[in-house]
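Chains as they are written, first to last, in my numbering: chain A, 373 to 697; chain R, 8 to 748. The structure appears right after this line, and notes come after that.
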Amino acid sequence: MHNFVYERANSADNAMDLGHRDGAAILAGGTELLNWMRIGIESPDLLVDIRDLGHLDRIEEIEGGLRIGALCRLNDVACHPAIKRDFPVLSSAILQSASAQLRNLATIGGNPLQRVRCPYFREETVNACNKRHAGSGCAAYEGHNERMAIFGWTPECVAVQPSDPAVAFAALDAVVIVQSTDGTRRIPMREFHVLPDEDPSAHSVLGRGELITGIEISTPAPHSAYLKVRERQSYEYALVSAAVTLDLDGETIRNARIALGSVAMRPWRLLATEDLLVGKRLGSKDIAEAVDAGFAEARALSGNAYKITLARNAALRAIELASEN
Amino acid sequence: MSHQESSVISEKVTRVDGPSKVRGEARYAGDQKVDGQMHAVPVLATIPAGELESIDAKQALALADGIVVLTARDMPRLHPDLDNITVPPLATRHIPMQDNLILYEGQVVALVLAPSLALATEAAKLVKPIYRTHSYINPEHQVPQSADPARGNYSGSGPLDWTKGTPDAAYASAPHKVKSIYTQPSRHANAMEPSAIVAHWHDGQLTVWDSMQHISSVQITLAAVFGLSIEDVRVIAPHTGGGFGVKAFVWPHEILAAMASKVCGKAVKFVLTRQHMYNMVGYQPQMTQHMALACDEKGQLAAIRQDVENVTSLTDDYVEFGSAAARSFYACDNISISQRVKRGNINLPTFMRAPWDGPGSWALGSALDELAHEAGIDPLDMRIRNHADTEPQTGEPWSSKMLLECYEEGARRFGWRTRPEGGTRDGYWLRGFGMADCSQGQARFQSSAGLTLTAEGTAHVASSFCDMGTGPATIFRQVAAEALGLPLSAVTSDHGQTGLPAAGPTYGQSTTISTGNAVLMAAREIKAKLAAHLQWPVAETVMEDGCIRRNNERLSIKDAMKLMGMQEIASESTFALPGGAYVDMGAPGRPARSFGALFVEVLVDPDLGLVRLRRATGVYSAGRILNPLTARSQITGGIIWGWGMATMEGSHLDPERGRWISRDLAGVPIPVNADIPADLDISFVEEFDHEAGPLGARGIGELAATGVAAAVGNAIFDATGARLHDLPITPDKILGALRLV
């Protein structure tokens, strides 16, 4: 294996300093970094362990919402009383992620940074994958693409963003707080991941030496739900998922936010649908029409036309589930 | 069995290997350490077809001292003795690193040895093979061919073409008929413990610690590779962490490890990674089965046609005899089968749980359900009507068969006759009910076991069988304890190594029936010896409660032995097959097969294409059940295995590059606990099968995995009205069949 140096950062400044060095990688829960190092996706020279940044492992009330420290373990976030009460979509998305063991170790700040699960990306010997070697092409585009994107893909990359919590965060208009030696950036989760038309080799907008310190969510969304569709009932990535938050006036939708997972390289908001749903009655035919409108720009690959139907039905179902919460 | 009161057979005895495994004390092949050992990591071909032009190992060798990079030119040539070893037990005639030809992606082109695994792994990444590529032949796209008997012996283990009666004419004139094509993808076994071997030469003798399913196969094959006498190869395998057929035969990595050890003069440990398990050992091949069935107005089968194709490598013709189902399951005067192969640049498939009848029962069990619906007959009545009272191929009587009783008991337990209509709603779900036959031919292997009774009233079983975690080490102690009238705690055993009486393999659900019978015979021989010493007629002699008894005369084992002036009595017995055969499928004229009926309720979400298992009832006819605990465990494991086959598992080749994609457990879903209802309802209709062997038992390990996919597919049809012909039945296919896509 590739030898590396292990350092434990004693402050956020120290972490950013170390993280800025050549070949550095930040180590939080480590559940994904270990995979990368095993497969050869990353061969860091320096691991910067940030576990001692104690102030990052808390969930704090901020004005009009919550700030979740980046080092909070997934299960701690999912089981937090305020999250369960006010943000069931997030709690549910987390509890449907990974396995209980992984959720006890993995952090909420690290989770949206996991890389695509595309089998061509995850191979030990890579043939064509722009996310492994920029410019090498995309074997999945004409290969086995049953689980790949239906929105926002290009022939240069058809992979999908796999994090469940990121989808819930996108529906909640969450903001990722990022620090670097240059200062603090606030990035909406909806814009945190990079679509291939912008850069097929990129995963997120996070730059070298930048550290996620927390994620902020604001308006409580008690009428919200996360639906995850997968062949088996646990420990499996989504075929598609749907996160929905509803602001209801009795049976009428005042406002809706819908994000789909595993359909694009970022959590995919159905903005056209959200606009059309305003003022519509739950259970009416208008709901399905509104959802259909959100799929106008969906494009199937050679092997995944079913995902358009599946994602549409999942969105519809998630609206129902959110209204029942 | 005349002395039920002291019986330890039929008791729920927990596995003797359990505590050591729970404590982490059990030492598997990869746990072995030999002083100075080297770790081997292979360099695998990244092209599916071509030639190796050269290998640049400079960077790898420069990484650290003590690194060895072996290429074809460094390896010893295969000894001509290997020509005398058939394929199987040699898994494939094609041993890599003997020439420069590359026939499949993942073929070993070089072997890196280093004092640590980390170093060997890093060095292997730095080895740079240079290839000349040939055009790739994708086996899945090839025209089916007749199997060639010169390409290994797999094709000789069953009929490649067979016809009884006039199936085409009967089909044409029958009032009800169905014709359909069933497919399934290749599947890899992914046993918990990957294949692993430690090879060590000392004074011209070879010792291997190996993860495997048959000691003798490894011993004779490795001896032949090097032209050694069999006694010069010692094989040790106290535990095998699951095999599922993939460790049944001798694969190239076992030979390469032994060669590498010989070349470098040190012990070599070669533990395959999960990724290696996709290319370096076998898998169940991708299959296409063409089915045509017809029946009369009453549902009596008029014709069965099962034409089966499977992919295989360019190196050997592996034939997956799915057509065993058409030849064996149902009474019919007109049956026709064929087996063809599709060759390409791919590693060789192999027997995997459940071979032959597993895939065969998926196609036949589904097609019969289609025919039942076409004829308007309940699927269970259809099966009762077509019950094979005798073996359909030969007309010979079965060794024993209680399938009709299984149907009745299963229907009663499941509530088949009073089930709700298929498609009944439960929230978002549609309920569906399905059933199918489980059935697997019974292989029996010549098998030997030794048994020693001591004056202290203890006994010791010795036989070379492998225990893969399924329970033979436990069951054979039970057999010996019961036959000698001893408590289970008084019996110990040795297994899993050469130098012991040679047991048959641990595959084909044959272990209990083969080695178990040998143990029982050895115990009877001891009893006969004791009786002879005491001058008692054997027929009047009983061993029970640590004593030997004849009518009212009763002696403790200790006293009896003292009287005879003996410290111990030893015997060795062989469960020999008629005609000196090494393997058969039951006694001549009395074919043996295990049977069962599986009933399932599934839930289908028609909007999301999801399918879930709500409950299952399985009732099985497998002769006498020796240990209800391990038997139940085998069956539930088989049903879960079948659920994976039915609804999620598949290994796919990249169509351009000829490589398996998703070579790990993150990319290919297999069932998890959350998928399986807690109360799988398992039971047995027990009988004493006198014809199958003196123990009265038959096998269950493969049986359990048969019929599951068909029962599930039939239940999905019941729920939705959509018939799925392609495994696995995933959301895309369900939505497609419901014409939503």
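Glycine residues also receive a C-beta, built at the ideal position from the N, C-alpha and C atoms.
Mind listing the chain C neighbours of residue i? Cutoff is C-beta to C-beta under 8 Å, in chain order.
| i | result |
| --- | --- |
| residue 128 of chain R | Considering every chain present, this structure includes no chain C. Its protein chains are A and R. |
So what does DSSP say about residue i, is it helix, strand or coil?
| i | result |
| --- | --- |
| residue 271 of chain R | helix |
| residue 585 of chain A | strand |
| residue 630 of chain R | strand |
| residue 531 of chain A | coil |
| residue 427 of chain A | helix |
| residue 208 of chain R | strand |
| residue 174 of chain R | helix |
| residue 136 of chain R | strand |
| residue 490 of chain A | coil |
| residue 290 of chain R | coil |
| residue 607 of chain A | coil |
| residue 433 of chain R | strand |
| residue 502 of chain R | coil |
| residue 254 of chain R | coil |
| residue 568 of chain R | helix |
| residue 420 of chain R | helix |
| residue 129 of chain R | helix |
| residue 378 of chain A | strand |
Excluding the 5 residues preceding and the 5 following residue i in the sequence, name in chain order all residues of the same chain whose CB lies nearer than 8 Å to its CB.
| i | result |
| --- | --- |
| residue 12 of chain R | Confidence in residue 12 of chain R is poor, its pLDDT being 38 and thus under 50, which makes the residue's placement too unreliable to answer from. |
| residue 9 of chain R | With a pLDDT of 39 at residue 9 of chain R, under the threshold of 50, the modelled position of this residue cannot be trusted, and the question is left open. |
| residue 411 of chain R | 391, 394 |
| residue 731 of chain R | 720, 723, 724, 740, 741, 744 |
Excluding the 5 residues preceding and the 5 following residue i in the sequence, name in chain order all residues of the same chain whose CB lies nearer than 6 Å to its CB.
| i | result |
| --- | --- |
| residue 768 of chain R | In the structure as shown, chain R starts at 8 and stops at 748, and residue 768 of chain R therefore has no counterpart that could be examined. |
| residue 471 of chain A | 607 |
| residue 647 of chain R | 678, 683 |
Measuring alpha carbon to alpha carbon, tell me which residue in the options is nearest residue i.
| i | options | result |
| --- | --- | --- |
| residue 602 of chain A | A/614, A/595, A/592 | A/614 |
| residue 146 of chain R | R/350, R/191, R/528 | R/350 |
| residue 578 of chain A | A/541, A/671, A/481 | A/481 |
| residue 385 of chain R | R/425, R/413, R/405, R/361 | R/425 |
| residue 740 of chain R | A/383, A/682, A/573 | A/682 |
| residue 128 of chain R | R/75, R/152, R/85, R/223 | R/75 |
| residue 514 of chain A | R/292, R/729, R/686, R/662 | R/662 |
| residue 377 of chain R | R/31, R/721, R/108 | R/721 |
| residue 387 of chain R | R/307, R/234, R/208, R/650 | R/307 |
| residue 144 of chain R | R/318, R/431, R/691, R/556 | R/318 |
| residue 483 of chain A | A/426, A/438, A/679, A/548 | A/548 |
By Cβ distance, which residues of its chain are closer than 7 Å to residue i, with the 5 residues on each side in sequence left out?
| i | result |
| --- | --- |
| residue 528 of chain R | 580, 582, 701 |
| residue 395 of chain A | 416, 417, 418 |
| residue 532 of chain A | 488, 520, 521, 634, 635, 636, 637 |
| residue 230 of chain R | 236, 237, 239, 240 |
| residue 512 of chain A | 490, 492, 520, 530, 531 |
| residue 93 of chain R | 160 |
| residue 388 of chain A | 551, 552, 553, 581, 583 |
Chain A contacts from the stretch 181-200 of chain R (Cβ-Cβ distance under 7 Å): none
For the stretch 488-504 of chain A and the stretch 443-463 of chain A, state whether three or more C-beta atom pairs, one from each stretch, are separated by less than 8 Å. At 8 Å Cβ cutoff, the stretches do not touch.
Chain A contacts from the stretch 33-55 of chain R (Cβ-Cβ distance under 7 Å): Along the stretch 33-55 of chain R, the positions whose C-beta sits under 7 Å from a C-beta of chain A are 53, read in chain order.
When the Cβ atoms of the stretch 501-510 of chain R are set against those of the stretch 531-542 of chain R, are three or more pairs found closer than 8 Å? With contact defined as three or more Cβ pairs closer than 8 Å, the stretch 501-510 of chain R and the stretch 531-542 of chain R are not in contact.
Inter-stretch contact at 8 Å, needing at least 3 Cβ pairs: the stretch 115-132 of chain R / the stretch 44-54 of chain R: yes
Short-range partners of chain R found in the stretch 496-518 of chain A, where Cβ spacing is below 8 Å: Closer than 8 Å at the C-beta level to chain R, one finds these residues of the stretch 496-518 of chain A: 496, 497, 499, 511, 514, 515, 516, 518.
Chain R contacts from the stretch 599-614 of chain A (Cβ-Cβ distance under 7 Å): So the list reads 601, 603, 604, 605, 606, 607, 608, 611, given in the order they occur along the chain.
Compile a chain-ordered list of the residues in the stretch 378-393 of chain A whose CB is closer than 7 Å to at least one CB of chain R. none
Quick check: the stretch 364-376 of chain R against the stretch 183-197 of chain R, are at least 3 beta-carbon pairs closer than 8 Å? yes
Any 3 or more C-beta pairs closer than 8 Å across the stretch 561-570 of chain R and the stretch 667-686 of chain R: no
Evaluate the contact criterion for the stretch 435-450 of chain R versus the stretch 511-524 of chain R: three or more CB pairs, one atom per stretch, below 8 Å. Output reads yes: the stretch 511-524 of chain R touches the stretch 435-450 of chain R.
I want to know whether the stretch 635-646 of chain R touches the stretch 430-440 of chain R - three or more CB-CB distances under 8 Å. no
Residues of the stretch 638-663 of chain R with a CB closer than 8 Å to any CB of chain A: list them in chain order, please. The residues in question are 654, 655, 659, 661, 662, 663.
Does the stretch 321-336 of chain R come close enough to the stretch 215-234 of chain R to have 3 or more Cβ pairs within less than 8 Å? Using a Cβ-Cβ distance cut-off of 8 Å, the stretch 321-336 of chain R and the stretch 215-234 of chain R are not in contact, since fewer than three pairs of beta carbons, one from each stretch, lie closer than that value.
Interface residues of the stretch 449-483 of chain A facing chain R [CB-CB below 7 Å]: none
Given 8 Å, three or more beta-carbon pairs between the stretch 602-621 of chain R and the stretch 454-470 of chain R: Remark: fewer than three beta-carbon pairs, one from each stretch, lie closer than 8 Å, so the stretch 602-621 of chain R and the stretch 454-470 of chain R are not flagged as touching.
Meets three-Cβ-pair contact criterion under 8 Å: the stretch 558-577 of chain A and the stretch 427-447 of chain A: Because the criterion of three Cβ pairs below 8 Å is not met, the stretch 558-577 of chain A and the stretch 427-447 of chain A do not touch.
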